[in-house]
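Residue 45 in my numbering is what sits at position 45 of the sequence shown, and the numbering runs on without skipping anything.
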Amino acid sequence: MGDSTNICLSCGCCCDGTMIGFVQLDPEELPVLRDLVDVENGNGEGFLLHPCKKFCDGCTIYSRRPKQCALFKCELLKSVEQKELDFDSAVEIVDELKQRRITIEEKLALLQIELPFQSFYFKMVGLKNLFQKSEPASLTQDHMALKSDLEQLDSLLSKRFGVPIL
Numbered sequence: 001m002g003d004s005t006n007i008c009l010s011c012g013c014c015c016d017g018t019m020i021g022f023v024q025l026d027p028e029e030l031p032v033l034r035d036l037v038d039v040e041n042g043n044g045e046g047f048l049l050h051p052c053k054k055f056c057d058g059c060t061i062y063s064r065r066p067k068q069c070a071l072f073k074c075e076l077l078k079s080v081e082q083k084e085l086d087f088d089s090a091v092e093i094v095d096e097l098k099q100r101r102i103t104i105e106e107k108l109a110l111l112q113i114e115l116p117f118q119s120f121y122f123k124m125v126g127l128k129n130l131f132q133k134s135e136p137a138s139l140t141q142d143h144m145a146l147k148s149d150l151e152q153l154d155s156l157l158s159k160r161f162g163v164p165i166l
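Take a look at the structure:
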């Protein structure tokens, strides 16, 4: 198994809702995927919301996963494939991303901020919007720390993975 496969297996952040909120499905794959996953419909098109319920210590439908999942390559993966970044450095970046997510989730719980989304990605979009609408004077020091954590996460996702929060 190559480094690029191993980095995906050690990461999974495109499947668990950290980086991506949903996957658009091609019409031709809908009949097969409807039997495998919960397909959402919007304007007659199908999509898969994240976190993917078929992701549990790896993809449990790997050989039949959606085409967009098979084609997706984040910038970190591309850097490993192009030998611009070694495997161990890539794993450290993945670990940093996962730790930033944990820190944000802990602060959300501590501040009792509830966002109506299952996907961490959409929670972060909602949180970003919440901060944009808030009066700066209404934010506590803890809120400002959370806002800073969100900005650092967004920067990491943009620079290392090529997928910023909207």
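All residues carry an ideal CB built from backbone N, CA and C; glycine is no exception.
Sub-8 Å separation of residue i and residue j beta-carbons
{"i": "Arg100", "j": "Asp38", "result": "no"}
{"i": "Thr18", "j": "Leu97", "result": "yes"}
{"i": "Phe72", "j": "Cys14", "result": "yes"}
{"i": "Asp16", "j": "Pro51", "result": "yes"}
{"i": "Phe55", "j": "Leu25", "result": "no"}
{"i": "Tyr121", "j": "Ile7", "result": "no"}
Span of the alpha helix (DSSP H), counted from its first residue to its last, around residue i
{"i": "Val46", "result": "For clarity, residue 46 is Gly in the given sequence; the question names Val instead. Here Gly46 belongs to no alpha helix (DSSP H); instead the beta strand (DSSP E) covers 45-49."}
{"i": "Val39", "result": "First-last for Val39: undefined, no H or E at that position."}
{"i": "Cys69", "result": "67-71"}
{"i": "Phe120", "result": "120-133"}
{"i": "Arg101", "result": "87-110"}
{"i": "Leu156", "result": "141-156"}
{"i": "Lys78", "result": "75-81"}
Straight-line gap, residue i to residue j (C-alpha atoms, nearest Å)
{"i": "Cys85", "j": "Ser79", "result": "Reading off the sequence shown, one finds Leu at residue 85, where the question assumed Cys. So the alpha carbons of these two residues sit roughly 5 Å apart."}
{"i": "Phe131", "j": "Gln118", "result": "19 Å"}
{"i": "Ser10", "j": "Arg160", "result": "16 Å"}
{"i": "Pro66", "j": "Ser138", "result": "44 Å"}
{"i": "Lys83", "j": "Ser134", "result": "43 Å"}
{"i": "Cys69", "j": "Ile104", "result": "26 Å"}
{"i": "Asn129", "j": "Arg34", "result": "33 Å"}
{"i": "Thr60", "j": "Glu29", "result": "17 Å"}
{"i": "Ser89", "j": "Glu75", "result": "14 Å"}
{"i": "Gln112", "j": "His143", "result": "11 Å"}
{"i": "Leu115", "j": "Lys147", "result": "15 Å"}
{"i": "Pro27", "j": "Glu40", "result": "12 Å"}
{"i": "Pro136", "j": "Ala145", "result": "13 Å"}
{"i": "Gly58", "j": "Gln141", "result": "38 Å"}
Chain B within 8 Å of residue i, Cβ atoms only
{"i": "Glu135", "result": "Judged by its chain identifiers, the structure shown contains no chain B, having just a single protein chain."}
Status (buried if at least 16 other CB within 10 Å, exposed otherwise) for residue i
{"i": "Ile165", "result": "buried"}
{"i": "Tyr62", "result": "exposed"}
{"i": "Gly12", "result": "buried"}
{"i": "Leu49", "result": "buried"}
{"i": "Val23", "result": "buried"}
{"i": "Leu153", "result": "buried"}
Counterpart residues of residue i in DSSP-defined beta bridges
{"i": "Phe22", "result": "Leu49"}
{"i": "Phe55", "result": "Cys59"}
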